[in-house]
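Visitor: Structure provided below as structure tokens; questions to follow.
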Amino acid sequence: MARVLINLPKAKRGEIVEIRTLIQHPMETGYRPKGDGTSFPRDIIRNFVCKLNGIEVFRADLFPAIAANPFIAFTIKAEEGGTMTFSWIDDRGRSQTETADFIVE
Amino acid sequence: MMPSVAFTSMLSCAVAVSTVIAAAQTRDPRRSGFEDMSRESQAMQRDDTANPGMFAVLEGEELWRAKVGSRKTSCADCHQNAEVSMRGAAARYPSFSTAWNGPVDLQGQINLCRETRQNAPPFPLEGPELLALSAYVGKQSRGMSIAPPDDARLEPFRRQGEALYNMRQGQLNFSCANCHEDHAGQRLAGSLIPQGHPTGYPLYRLEWQGIGSLQRRLRGCLIGVRAEPYAYGAEEYIALELFLMSRARGMAVETPAIRP
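Protein chains in written order, with my numbering: chain A, 45 to 149; chain B, 286 to 545.
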């Protein structure tokens, strides 16, 4: 579906690492007028969740003031490695999940 | 006692001024718009996983391999690996095209290949496909020096571009030079006026929330002085680009850059 860019660095145990994600999305606010006086219907990503081995480690709710192609960066403490999933859900109910290996040495 | 203190501080001040002038004479006074951006925007451009212009590059990479037209050929069928064949290409555009018998910009060359080599309809100007392919081709020159071709056939068009650059126009009656030479580094409302170098196109502009070409940027500057912008693809834009590229000779290609 949408293109996604993820920067998930390798980590040393106990280290705090920054994870950066970028997803292609118009983030249509619902306030932009069309020529006929009505507005383009709202279509934004509502929700972002990151899980490590099935356990939620980070979540964010998004709102209409957030620009197109939202960039979300957050930090976690690297206690164990495993499979990290990143999921985005938008107003139209479309969801996208990407998976990456989180390597902790 | 007091006057002599004032005198010594004035003296050291004068020494400082003369060293600054000496430094400016040896350093290249040209600045990419990159240098005038906030630290956050610079970080966004430096990191390919934070630069939304990379979405266009990825899209362009897909289009590069897509077989299209009546001959079912892809760009890759002829040009193979873009990282090799397209290295440096964007740094020497606009170029003189014998097929077109005139100067073409990178997008024009891509559309020429599409029409004459792939037998497919040209992409609409400023449409997502053409922006994606030019971002992909442009990225292969990232970091390379802008190197306008030494081609006498381009010279009249470059000169036309220079004349346009210095011509006052619009209801506000400004030339490009009035802003980008006379007032570069100062502010126009909230925006810093850059020197206006075409180093990063197509680029992702935060205000556009999307990727756009140099022509879209110039359109914005023309509308800003309440001049009637030329239509996309107009020869005036190609002429201006030729002049801007010659003015930026030797500066590094940044495609796909970020700008506010």
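Ideal placement from N, C-alpha and C gives every residue a C-beta, glycine not left out.
Would you call the region 456-474 of chain B and the region 411-425 of chain B in contact, with 3 or more CB pairs under 8 Å?
Guide: no
Visitor: Using a Cβ distance threshold of 8 Å, determine whether the region 371-384 of chain B contacts the region 332-347 of chain B, with at least three qualifying pairs required.
Guide: no
Visitor: Does the distance from the C-beta atom of residue 524 of chain B to that of residue 423 of chain B stay below 9 Å?
Guide: no
Visitor: What three-state label does DSSP hand residue 543 of chain B in the structure shown?
Guide: strand
Visitor: Could you check what DSSP says for residue 390 of chain B in three-state terms: helix, strand or coil?
Guide: coil
Visitor: Under the rule that 16 or more other beta-carbon atoms within 10 Å means buried, what is residue 132 of chain A, buried or exposed?
Guide: buried
Visitor: Would DSSP call residue 491 of chain B helix, strand or coil?
Guide: coil
Visitor: At least one CB of chain D closer than 9 Å to the CB of residue 386 of chain B: is that the case?
Guide: Protein chains in the displayed structure are A and B, and chain D is not among them.
Visitor: Restricting to Cα atoms, I'd like to know which of B/485, B/399, B/331 and B/507 is closest to residue 364 of chain B.
Guide: B/399
Visitor: Counting only the same chain and skipping the five closest in sequence on each side, list residues whose C-beta sits under 8 Å from that of residue 113 of chain A.
Guide: Excluding sequence neighbours, residue 113 of chain A sits near 66, 67, 68, 69 and 71.
Visitor: Throw me the rounded Cβ distance for the residue 442 of chain B and residue 510 of chain B pair, which I believe falls under 8 Å.
Guide: Contact flag wrong, Cβ pair sits at about 23 Å.
Visitor: Taking the alpha-carbon positions, what's the residue 73 of chain A to residue 135 of chain A distance?
Guide: Distance from the CA atom of residue 73 of chain A to the CA atom of residue 135 of chain A, rounded to whole angstroms, is 11 Å.
Visitor: Would residue 439 of chain B pass as an interface residue toward chain A - the criterion being a Cβ-Cβ separation below 9 Å?
Guide: no
Visitor: My understanding is that residue 122 of chain A touches residue 57 of chain A, with C-beta atoms under 8 Å, so please give their C-beta distance in whole angstroms.
Guide: 6 Å
Visitor: In the DSSP output, what is residue 61 of chain A paired with across the bridge?
Guide: A/120
Visitor: By the 10 Å Cβ neighbour count, where 16 or more other Cβ atoms means buried, how is residue 369 of chain B classified, buried or exposed?
Guide: exposed
Visitor: How far does the alpha helix (DSSP H) with residue 424 of chain B in it reach, from first residue to last?
Guide: 413-424
Visitor: Please name the residue, chosen from B/375, B/534 and B/405, that lies closest to residue 487 of chain B on a Cα-to-Cα basis.
Guide: B/375
Visitor: Compute the Euclidean distance between the alpha carbons of residue 51 of chain A and residue 492 of chain B, then round it to the nearest angstrom.
Guide: 25 Å
Visitor: Could you compute how far the alpha carbon of residue 388 of chain B sits from the alpha carbon of residue 434 of chain B?
Guide: Whole-angstrom Cα-Cα distance: 11 Å.
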